[in-house]
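Numbering (my numbering) for the sequence shown: 46 to 175. Beta carbons are placed, not taken as given, at the ideal position from N, Cα and C, and that holds for glycine.
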Amino acid sequence: MKQHLHNMMVATTARIKRVSTQKSTAEASTIMNTFLMLTIIGVSIVLSDALQPLGAGYNSRCVCLKLESRIIPQENLRRVEILPRGPHCKTTEVIAGLSSGKRICLNPRTPWVKKLILFIERKERVTKKV
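See the structure below:
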């Protein structure tokens, strides 16, 4: 009788260990799946921040890091590009293409740049009307 009880206890212990091992395996699998999913989400976030969205001229950050306030002579200006403020940048950006080929960012708060912006906007309105 003692032997029979002992055999039953051993068999029950073996079943408990097997169930416990199966639970551990299932838990480990769940943990691994969760870890894998979080890793994929993390990599996706990093890559989506690094990739530029599609669209002509769209930039997800401010272009101008350093602003120039000094007056640039008109003969040195080849092109002026105005980027209005938006979700990519809190401020209006004014980028001047110089005859030397360099591009510099002009401070949109300086009086001469404000006048330049007004001049360009008026010129664009007149061009659109014609």
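Contact annotation: ILE140 and PRO153 have beta-carbon atoms that are not nearer than 8 Å. The beta-bridge partner set that DSSP reports for CYS150 consists of ILE140. Straight across, the Cα-Cα distance linking ARG170 with PHE164 is about 10 Å. Short of 7 Å from the beta carbon of LYS111, and not among the five residues preceding or following it, lie these beta carbons of its own chain, in chain order: CYS150.
Among the bridge pairs identified by DSSP, CYS134 is matched with GLY131. At the C-beta level, GLY142 and ARG123 come within 8 Å of one another.
In the structure shown, the three-state DSSP call for ARG115 is coil.
From the listed residues LYS147, LEU128, SER144, the smallest Cα separation to GLU138 is found for LEU128. Pairing GLU120 with GLY131, the inter-Cα distance amounts to about 31 Å.
Residue environment for VAL158: buried (at least 16 other C-beta atoms within 10 angstroms of its C-beta). For GLU120, no alpha helix (DSSP H) encloses it, and the DSSP letter there is neither H nor E. ARG106 is positioned such that its CB atom lies closer than 8 Å to that of CYS134. If you look at LEU161, you'll find it in the alpha helix (DSSP H) that goes 156-174.
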